[in-house]
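Counting from 18, one number per residue, gives the positions in the sequence shown under my numbering.
Positions of the beta carbon are idealized from the N, C-alpha and C atoms, including for glycine.
Below you'll find the structure, written out as structure tokens, and then a few comments.
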Amino acid sequence: MIIDCHGHYTTEPTQLHAFRKAQIAAYESKSPLPSAATLAISDDELRQSLEGAQLKLQRERGTNLTIFSPRASGMAHHIGDAAVSLAWSRLCNDLIHRVCTLYPDNFIGVCQLPQSPGVELKSCVGELERCVTEFGFVGCNLNPDPSGGHWSGPPLTDRVWYPLYEKMVELDVPAMIHVSGSCNPNFHVTGAHYINGDTTAFMQFLTSDLFKDFPTLRFVIPHGGGAVPYHWGRYRGLAQDMKRPPLEELLLNNVFFDTCVYHLPGIELLTKVVPIDNILFASEMVGAVRGIDPRTGHHYDDTKRYLDQVAWLSAGDRQKVFEDNARRVYPRLNARLKCSCGCG
Ligand SMILES: [Zn+2]
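Right, dumping it as structure tokens:
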């Protein structure tokens, strides 16, 4: 089985965008927010939005199950206030639940959290619990910078985040560290802001004792870990200079990297540098980079092809990257895959 741990619902029916537009307009004009009941999307429309996209690509590329969450750039925690963020997150998570119910063999849910700059995480704890216990979701996306590129909040290691981490540990679910849109023109969303977020989160973890406080807390850093694998020596050296433990001891029981690196040399570097036990297969399709690489004739985000070409990976290594590591990092996914006859 091949589990893709990073997929977003980027092909949503247009009604969802219209709803969001109306919601923001209502917030800005201080009018009542539109009710979720005003959004009408049929099951057929959901099917149509997926059949020619994510489902077709799963079939063509030979992957099986995508860990699926709302569009990351659409979370836009910097827009509106806590009430807007909560209503929008619930709506987006409800939609993911419908998709996962329609295609239980193809998608399993991960939720968006109703973060809002400067607002405590109480509603995030509640929404995570709702999605995990009511919908069977297996994780969440956590935005390290809900200000949208201004980094005005405290680092992920600050105690303000602890209520959420306590709930994650209690529910035994990981978070993917995932920024959303950038409202700072210095940072292109997917080309700079995303990679900054990934790299920044790793360095925050490196300098803290967060995993002493939460030994079983787990994070997936997407987009191949941002700049981290390329600069692994820098991070090892920084940890050493700061009298921190070696990275293996400091954070590799808790921090994992996906494979959303869109060329073979990048995947080769990732698999050489980062321990195989810490790499989870992912493509982020249909996502940030949608084109075909003229040098290979294949989609940039067809990341399985790169892994298939890495000569030094053993069959056991591939099994870990494609399936076993995801089952370990997402225990609720593993539990769901174990069918009642015991064959899973
Ligand atoms: Zn993503």
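Annotated three-state conformation of TYR120 is coil, per DSSP.
Beta-bridge partners of MET185 (DSSP): none assigned. In this chain, the beta strand (DSSP E) harbouring THR83 covers 82-87.
Of VAL101, HIS205, LEU145, the smallest CA-CA separation from ALA305 is found for HIS205. A distance criterion of 7 Å places the beta-carbon of GLY198 beyond contact range of ligand 1, judged by its closest non-hydrogen atom. Separation of PRO172 and LEU138 (C-alpha to C-alpha, rounded to the nearest whole angstrom) is 14 Å.
With the rule of 3 Cβ pairs closer than 8 Å, the segment 232-244 counts as touching the segment 183-200. Counting C-beta atoms within 10 angstroms of its own C-beta, PRO87 has 16 or more neighbours from the protein chains shown and is therefore classed as buried.
For a cut-off of 8 Å, the C-beta gap from VAL155 to ILE84 is around 7 Å, short enough to register as a contact.
If you check the C-beta of GLY214 against ligand 1, you find no heavy atom less than 7 Å away.
Counting only beta-carbon distances shorter than 7 Å to the non-hydrogen atoms of ligand 1, the qualifying residues in chain order are HIS23, HIS25, ALA89, HIS195, PRO239, GLU301, GLY304. If you check the CB distance, ALA256 and LEU269 do not come in under 8 Å.
Ranked by Cα distance from SER169, the options SER133, VAL186, HIS23, SER140 are led by SER133. The C-alpha of ILE20 is placed about 15 Å away from the C-alpha of PHE273.
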